[in-house]
Amino acid sequence: MSEYSAVQKPMLDYAEQIGWAKVSRDEALHLRGGESGLYFTDILRQQLIALNPGIVDVARANEIIRQLTLLRPTIEGNRDALSWLRGQQSVFVPEQNRELNVRLIDYDQPEHNILQVTSEWVQRNPRTANRADVVFLINGIPVALAETKNVTRSDGIAEGIKQLRRYLEETPELFLATQVFEVTHLIDFWYGATWTISRKDLFNWKDVEPGNYERKVKRFFDRPTFLHLLHDYILFLTKDDVLSKVILRQHQMRAVEKVVARVVDPSKRRGLIWHTQGSGKTLTMITIAAQLLRAPEGEKPTVLMLVDRNELEQQLFQNIAAYGIGTVKVASSKQDLRDILASDYRGLVVSMIHKF
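Encoded structure:
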């Protein structure tokens with residue numbers, strides 16, 4: 007059985023069954039305006055206007071599309087693309103004489119989005135061209151791509167990673183907006199963050215039924231689940247002035263959701279998570295803090311994060327800033343910490359544990 011019929015076509019079919027509309031290769035090529043195109047421009051324009059009534063008209067939609075087209079095919083450009091996807095970018099609205107954030111995706115009402123999936127996506131630049139097996143788009147923007155390999159190939163996953171790394175080197179435009187990639191050979195379904203394509207940063211999407219390819223595809227690309235992943239579980243971090251990108255693992259996502267649910271439950275007063283070494287506790291805690299500060303049920307909380315080493319304090323602050331948490335204070339002394347907490351400050355406080 008061929009790779010297409012055994013792995014690629016079932017992925018397209020399963021995605022269609024959970025709400026992703028299949029788009030033929032020829033139609034996708036037309037919507038992109040050719041092999042060098044990145045977006046389904048007409049759909050993106052339509053959705054920009056629909057999701058931003060009173061803010062975006064045709065002219066502003068065209069300007070936003072122009073800005074998206076001008077993003078650089080680098081990890082910095084990908085970070086900026088994610089900022090657009092999360093509604094963190096704004097446009098000036100003369101009628102209201104102010105800047106207003108623009109929604110490219112409706113995370114609150116997923117049914118308002120147009121989800122599409124296509125195959126054999128050829129991305130061309132002046133130097134060369136490469137072909138992705140499957141590409142997933144939301145509102146005309148490619149957000150995920152998958153490399154599918156035949157189960158008969160024992161080295162299928164390694165080959166898929168090698169191909170994706172070559173695509174990134176030769177046609178980085180393919181990864182400008184895409185945030186997540188998948189590699190599968192039917193039995194296992196691996197995922198990772200684009201621009202960080204290596205085996206150590208690749209995670210197996212686990213399910214209660216090991217080896218059930220249909221369940222894995224449907225659970226990963228389930229509309230609310232995937233939107234949640236896109237909105238909350240991808241982080242850009244800076245260390246030694248080098249930008250990197252990470253995506254949370256399933257146990258981290260579960261921990262975040264459990265903590266947030268516990269905090270907003272008025273009948274609960276405390277909770278505990280046990281972290282093992284290497285479990286990614288720092289990223290989990292940053293994500294928890296961000297979600298608590300955004301949660302409407304949180305009623306503008308004060309979130310305190312404690313670290314036990316000076317270098318961790320500065321590193322944590324940099325990562326928090328990179329994540330986009332705006333209201334952050336670092337306690338400079340015990341008295342400063344007392345003053346911050348006494349002032350009824352609402353936001354995130356970072357402190358060394360001995361000050362507490």
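Following the working numbering, the numbering of the sequence shown begins with 7 at its first residue and continues without gaps. Every residue, glycine too, gets a C-beta built ideally from N, C-alpha and C.
When the options are compared against residue i, the one with the closest alpha-carbon
{"i": "GLN129", "options": "VAL265, GLY43 and ASP213", "result": "GLY43"}
{"i": "LEU174", "options": "PHE195, THR134 and LYS212", "result": "THR134"}
{"i": "ALA295", "options": "HIS281, VAL266 and GLY286", "result": "VAL266"}
{"i": "LEU74", "options": "THR288, ALA65, TRP90 and GLY25", "result": "TRP90"}
{"i": "TYR10", "options": "ARG260, VAL248 and ALA152", "result": "ALA152"}
{"i": "ARG205", "options": "ASP161, TYR20, ARG104 and LYS245", "result": "ASP161"}
{"i": "ILE147", "options": "ASN119, PRO16, ILE167 and ARG172", "result": "ASN119"}
{"i": "ARG300", "options": "ARG92, PRO116, GLY60 and LEU243", "result": "ARG92"}
{"i": "TYR113", "options": "ASN145, LYS264 and GLN14", "result": "ASN145"}
{"i": "ASP19", "options": "SER339, ARG104, LYS224 and GLN102", "result": "LYS224"}
{"i": "GLY198", "options": "ILE167, LEU278 and ASP246", "result": "ILE167"}
{"i": "THR231", "options": "ARG260, SER8, VAL29 and GLN283", "result": "ARG260"}
{"i": "LEU110", "options": "ARG66, ARG104 and LYS212", "result": "ARG66"}
{"i": "MET17", "options": "GLY284, HIS191 and GLN94", "result": "HIS191"}
{"i": "ILE203", "options": "GLN14, GLN169, VAL99 and SER8", "result": "GLN169"}
{"i": "THR154", "options": "ALA348, SER8, LEU343 and ARG344", "result": "SER8"}
Supposed contact pair residue j and residue i - C-beta distance, whole angstroms, cut 8 angstroms
{"i": "LEU143", "j": "PHE46", "result": "6 angstroms"}
{"i": "VAL355", "j": "LEU322", "result": "Between LEU322 and VAL355 the Cβ distance is about 11 angstroms, and since that is not below 8 angstroms, they are no contact."}
{"i": "THR177", "j": "THR200", "result": "That belief does not hold up - the Cβ atoms of THR177 and THR200 are roughly 13 angstroms apart, past 8 angstroms."}
{"i": "VAL149", "j": "LEU289", "result": "Wrong, their Cβ atoms sit about 21 angstroms apart, outside the cutoff."}
{"i": "VAL189", "j": "ALA12", "result": "Not really, about 15 angstroms apart at Cβ, beyond 8 angstroms."}
{"i": "GLU303", "j": "VAL270", "result": "4 angstroms"}
{"i": "PHE195", "j": "LYS222", "result": "4 angstroms"}
{"i": "ARG229", "j": "GLY25", "result": "5 angstroms"}
Beta-carbon proximity list for residue i, same chain, < 8 angstroms, skipping 5 on both sides
{"i": "ARG352", "result": "LYS306, PRO307, THR308 and THR333"}
{"i": "VAL62", "result": "LEU54, ILE55, ILE70, VAL97 and VAL108"}
{"i": "VAL64", "result": "ARG51 and ILE55"}
{"i": "SER241", "result": "According to the sequence shown, residue 241 is Leu rather than Ser. Counting only Cβ-Cβ distances below 8 angstroms, and skipping sequence neighbours, we find LYS251, VAL252, ILE253, LEU254, LEU289, ILE292, THR293, ASN325, ALA328 and TYR329."}
{"i": "ASN68", "result": "ARG51"}
Neighbour-count burial assignment, residue i, 16 or more Cβ in a 10 Å radius
{"i": "ASP238", "result": "buried"}
{"i": "LEU106", "result": "exposed"}
{"i": "ILE163", "result": "buried"}
{"i": "TRP280", "result": "exposed"}
{"i": "LEU325", "result": "According to the sequence as given, residue 325 is Asn; it is not Leu. It counts as buried."}
{"i": "GLY39", "result": "exposed"}
{"i": "GLN258", "result": "buried"}
{"i": "LEU233", "result": "buried"}
{"i": "PRO272", "result": "exposed"}
{"i": "LYS274", "result": "exposed"}
{"i": "LEU243", "result": "buried"}
{"i": "GLY83", "result": "buried"}
{"i": "SER349", "result": "exposed"}
Chain-order list of residues whose beta-carbon lies under 6 angstroms from that of residue i (same chain, five-residue window excluded)
{"i": "ILE359", "result": "LEU312 and ASP314"}
{"i": "TRP127", "result": "ALA138 and VAL141"}
{"i": "ASP86", "result": "LEU77"}
{"i": "ALA34", "result": "THR124"}
{"i": "ALA21", "result": "VAL123 and PHE227"}
{"i": "ARG268", "result": "LYS274 and GLY277"}
{"i": "VAL29", "result": "GLN122 and THR124"}
Residue i CB to nearest heavy atom of the ligand MN below 7 angstroms
{"i": "VAL266", "result": "This structure does not include the ligand MN; it has no bound ligands of any sort."}
Same chain only: Cβ atoms within 7 angstroms of residue i, ignoring 5 sequence neighbours per side
{"i": "ARG255", "result": "PHE209 and GLY286"}
{"i": "ASN131", "result": "SER42, THR177 and GLU179"}
{"i": "ALA27", "result": "LEU121 and GLN122"}
{"i": "ARG5", "result": "Outside the modelled stretch of the chain, which goes from 7 to 362, sits residue 5, for which no answer is possible."}
{"i": "LEU88", "result": "GLN185 and ILE240"}
{"i": "ILE346", "result": "LYS335, ALA337 and VAL355"}
{"i": "ILE331", "result": "ALA295, ALA296, LEU299 and LEU354"}
{"i": "ILE81", "result": "TRP201, LEU249 and LYS251"}
{"i": "ASN136", "result": "GLN129, TYR173, GLU176, THR177 and LEU180"}
Within-8 angstroms CB hit, residue i to chain D
{"i": "ASP48", "result": "Among the protein chains of the structure shown there is no chain D, as only one such chain exists."}
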